[in-house]
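Mapping of the sequence shown onto our numbering: position 216 corresponds to residue 783, and the numbering continues sequentially without gaps. See below for the structure under consideration.
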Amino acid sequence: MFRNFFVIIMVLAFVGCGSNANTVQTGIVGENEPITRAEVARMISLNRYNIEEINSLERKITFKDTNISKWYDKYINAAYTANLIAGVDNENFDPDDYLSLRQAQFLLDKIKSQNKVKLQYKPEDKDKPIPYNIWVAAFEKDMNTEKLKTENITIYADKNQCKKLGDNFIITDLGLTYYDGNEKLTSANEISAIVNNRVIVALKSVNSINEYDNLEVVEANDKYLKVKIPGGIRKFQIKDNNVSVGDKIKIGIDSKGEYSIK
């Protein structure tokens, strides 16, 4: 997976990216929405392993409802290998089903043996789903801080600006960044996320931004300009921009996704 990082960065540097506008639902991620067992498997496996280790693990799972073509398969296998999670029975994992409050507490206890996080719920509610944002908040308190940290990250480009990025890569403050999951992350947004190096473990919030600041111009003419972004170069279709190579500029983004020099 990460062996392609350098190739993608070089393509960005020599080809540049376009400027299609993107829209994405913003705000707190998963507020009052159940978290799925697949999403939990991603988080707890990346709390134990890095992505290279996860990709290299022998596939031990034999569940009928997942296979290697699914984004979550490798995370289920890693969490299962680490003895952190099991299937709903011997044949099924049920990746799209919700995690119950009782199951959530059990996993939090397994992640950290001297657990400080205790979920508050009535005994009769133990089998109800735990909302995504509540699970993430509890997981964040329990997580392995030697591997994971919480970051506020600006997204500079996604596959809509540069097809070479594909579905799972975006360009952020961290450089080329990887994400597996149900949400599609797009540019012109800032995310709060738990990360393992340059892999997004859990999304906390997504908020739109109205500018990119402190961008260095590397090419400019009366039709477009190119600026440095972490890990590459992005092209903006801004006509009559009146900037020069070496200038540090701020690019504004309006409500329609159009760009201008500020």
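Glycine included, every Cβ here is placed at the ideal spot set by N, Cα and C.
| Asked | Found |
| --- | --- |
| Close beta carbons around Lys-817, own chain, < 6 Å, minus the five adjacent residues each side | Glu-778, Asp-780 and Lys-829 |
| Reduced DSSP category for Tyr-647 - H, G, I as helix; E, B as strand; rest coil | helix |
| Cβ-Cβ distance between Leu-675 and Ala-705 below 8 Å | yes |
| Cβ-based neighbour list, Asp-640, same chain, cut-off 7 Å, excluding 5 preceding and 5 following | Thr-633 and Asn-634 |
| Distance between beta carbons of Ala-769 and Met-610, contact taken as under 8 Å | 5 Å |
| For Lys-823 and Val-762, the rounded distance between their alpha carbons | 30 Å |
| Span of the beta strand (DSSP E) around Asn-764 | From DSSP, Asn-764 is part of no beta strand (DSSP E); its letter is neither H nor E. |
| According to DSSP, residues forming a beta bridge with Ser-775 | Asn-756 |
| Burial state of Thr-590, where buried means 16 or more other Cβ atoms lie within 10 Å | Low confidence applies here, because Thr-590 scores a pLDDT of 40, under 50, leaving its location unreliable; read the following figure in that light. Exposed. |
| Nearest-angstrom Cα separation, counted from Asp-664 out to Val-655 | 10 Å |
| Coil, strand or helix - Gly-798 by DSSP | coil |
| Ile-818 (DSSP reduced to helix, strand or coil) | strand |
| Start and end residues, beta strand (DSSP E) containing Lys-716 | 716-724 |
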